[in-house]
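Each remark here refers to the structure printed beneath this line.
Protein chains: 2
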Amino acid sequence: MPLIIDNLSKHITLTPQEQELFLSKTEIRQYKAKTILLNAGEVCKTSYFVNSGVLRSFNINDNIVEHVLSFACTGWWISDMYSLLSQKPENLFIQVLEDAEVVLLSKENQEMLYQEIPKLERFFRILTENSLVAHQERLMDNLSLTAEERFEKFCNKHHDLIQKVPQKQIASYLGVTPEFFSKMKSKMLRK
Amino acid sequence: MPLIIDNLSKHITLTPQEQELFLSKTEIRQYKAKTILLNAGEVCKTSYFVNSGVLRSFNINDNIVEHVLSFACTGWWISDMYSLLSQKPENLFIQVLEDAEVVLLSKENQEMLYQEIPKLERFFRILTENSLVAHQERLMDNLSLTAEERFEKFCNKHHDLIQKVPQKQIASYLGVTPEFFSKMKSKMLRK
DNA sequence: ATAATTTCTTAATCTACATTAAGTGCCTTT
DNA sequence: AAAGGCACTTAATGTAGATTAAGAAATTAT
Chain A
1 MPLIIDNLSK HITLTPQEQE LFLSKTEIRQ YKAKTILLNA GEVCKTSYFV
51 NSGVLRSFNI NDNIVEHVLS FACTGWWISD MYSLLSQKPE NLFIQVLEDA
101 EVVLLSKENQ EMLYQEIPKL ERFFRILTEN SLVAHQERLM DNLSLTAEER
151 FEKFCNKHHD LIQKVPQKQI ASYLGVTPEF FSKMKSKMLR K
Chain B
1 MPLIIDNLSK HITLTPQEQE LFLSKTEIRQ YKAKTILLNA GEVCKTSYFV
51 NSGVLRSFNI NDNIVEHVLS FACTGWWISD MYSLLSQKPE NLFIQVLEDA
101 EVVLLSKENQ EMLYQEIPKL ERFFRILTEN SLVAHQERLM DNLSLTAEER
151 FEKFCNKHHD LIQKVPQKQI ASYLGVTPEF FSKMKSKMLR K
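Chains as they are written, first to last, in the UniProt record's numbering: chain A, 1 to 191; chain B, 1 to 191.
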């Protein structure tokens, strides 16, 4: 069974015909590491579901500093929600970090599927709810924890990622410079 | 027409009977400033919609420092999403900042309404999507902007709140101490 | 009105993290 | 195998914002 159907079944139950219909509206693609799937300034027209590999979303501010908004590995959805919903351009990039197989669902097809399989409203509501909760927690963590504490939490939650992505990306996700992250890490190891 | 029905109609269209049913599952209450609607450690069983006044959600970390997660004034929803969804206790408070009239929707009734008016799945999906986008932006702002820049953005977006809530709460929302906020503000005025 | 609390301000000192810069090791390309 | 580019480290110096403390102003309670 395709991973994405398995993912849907975590929150809703689809008939075989509905599964068929859903899959017919998606597209599978392979990408090499470093491929840019969405460029800053473009309007986002697609949601991405990761079958294998790792993606990230990030922006670049005036100072030419990158900030990682999120990572996505096997079984995770990723997109530029702001641009996807508003259909306006945003300063977000989506990029492949490790060679990946990705399922593409266009906004157009997603809306079409909402009409034909209203249960999907429920699925994406729950998916978005969970994402919101995670973002709220990360926000509060950024306000109240030190970089070290945030890193420890990250390790517990995303153990798999630590091996896979360059540590400067993790530093950026945590909101510190790669130099400080390196220092902090060696300090933590010494304990 | 009740404000909350007006709010629903921003994303979905309800028949008069559906409106009736929806309202019958809610409850209106008046609260005095400082009332605590949800205490840290409790399981959240209700979503709150503000008819008038101002509420806030916040947590308190080990150091006895408060951090404001969100404000809600007229026309806004507020709840403890983590606890409401998981039905586990969280360390979040919900409190009235300015005398308020609030519409209460219990989780139980909300689930019941999803069954009877599936369109509501759509409404809360969109509501949650918008909230997620706002949280993502705030996260990135916290990573890449100075406190001063964040305050300017806050002023543009929530002009109404600045008059209504004590400035130490705004400092907490922005992620700085009241002392630093005070200093920053007077520095900005001098320009 | 007066007392009591809470909020806001000012100022000195401190610290987590940023910036700059130089150097090391490891891939990748030719 | 050399050369170039990245990712990572180390270290000196700089700064945004925290902490502490004390007084002034504004609310709230009596």
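We put the CB at the ideal spot given by N, CA and C, even for glycine.
Residue-level contact to chain A via CB, residue i, 8 Å cutoff
i, result
"Ser131 of chain B", "yes"
"His11 of chain B", "no"
"Glu179 of chain B", "no"
"Thr128 of chain B", "yes"
"Met184 of chain B", "no"
"Phe166 of chain B", "In the sequence under discussion, the amino acid at residue 166 of chain B is Pro, which differs from the Phe named in the question. No, no contact with chain A."
"Pro89 of chain B", "no"
"His67 of chain B", "yes"
Bounding residues of the beta strand (DSSP E) (the contiguous stretch that carries residue i)
i, result
"Ala72 of chain A", "66-73"
"Asn59 of chain B", "46-60"
"residue 194 of chain B", "There is no way to answer for residue 194 of chain B, as the model of chain B reaches only from 1 to 191."
"Glu27 of chain A", "26-31"
Residue-level contact to chain B via CB, residue i, 8 Å cutoff
i, result
"Gly41 of chain A", "no"
"Arg125 of chain A", "yes"
"Tyr48 of chain A", "no"
"Leu21 of chain A", "no"
"Asn142 of chain A", "yes"
"Met81 of chain A", "yes"
"Asn7 of chain A", "no"
"Gly175 of chain A", "yes"
"Arg122 of chain A", "yes"
"Arg138 of chain A", "yes"
"Asn61 of chain A", "yes"
"Leu37 of chain A", "no"
Residues near residue i in its chain [Cβ-Cβ closer than 6 Å; skip 5 each side]
i, result
"Lys3 of chain A", "The residue you asked about is not Lys; residue 3 of chain A is Leu in the sequence shown. Taken in chain order, the residues that qualify are Asn51."
"His11 of chain A", "Phe123, Ile126"
"Gln19 of chain B", "Ile5"
"Phe49 of chain B", "Ile4, Trp77, Val103"
"Gln169 of chain A", "Val68"
"Phe71 of chain B", "Arg56, Leu161"
Cutoff 8 Å; reference residue i; Cβ partners in own chain excluding five residues on either side
i, result
"Lys32 of chain A", "Val96, Asp99"
Exposed unless 16 or more other CB atoms sit within 10 angstroms - verdict on residue i
i, result
"Gln136 of chain A", "buried"
"Leu189 of chain A", "exposed"
"Val65 of chain A", "exposed"
"Met1 of chain A", "exposed"
"Ser57 of chain A", "buried"
"Asp160 of chain B", "exposed"
"Glu149 of chain B", "exposed"
"Thr128 of chain A", "buried"
"Ser9 of chain B", "exposed"
"Glu90 of chain B", "buried"
"Phe180 of chain A", "exposed"
"Gly53 of chain A", "buried"
Own chain partners of residue i with C-beta closer than 7 Å, once the 5 adjacent residues on each side are dropped
i, result
"Thr177 of chain A", "Ala171"
"Leu139 of chain B", "none"
"Leu113 of chain B", "Phe22, Lys25, Leu120"
"Lys45 of chain B", "Ser106, Lys107"
"Asp141 of chain B", "Arg150, Lys153"
Boundaries of the alpha helix (DSSP H) in which residue i is found, first to last residue
i, result
"Leu3 of chain A", "3-8"
"Glu148 of chain A", "147-157"
"Leu42 of chain B", "Position check: residue 42 of chain B holds Glu in this sequence, whereas Leu was assumed. Element bounds for Glu42 of chain B: n/a, residue is neither H nor E."
"Lys168 of chain B", "167-174"
"Leu189 of chain B", "178-190"
inquiry  = In chain order, what are the residue ranges of uninterrupted beta strand (DSSP E) at least 3 long that sit wholly in the stretch 78-123 of chain B?
reply    = 92-106
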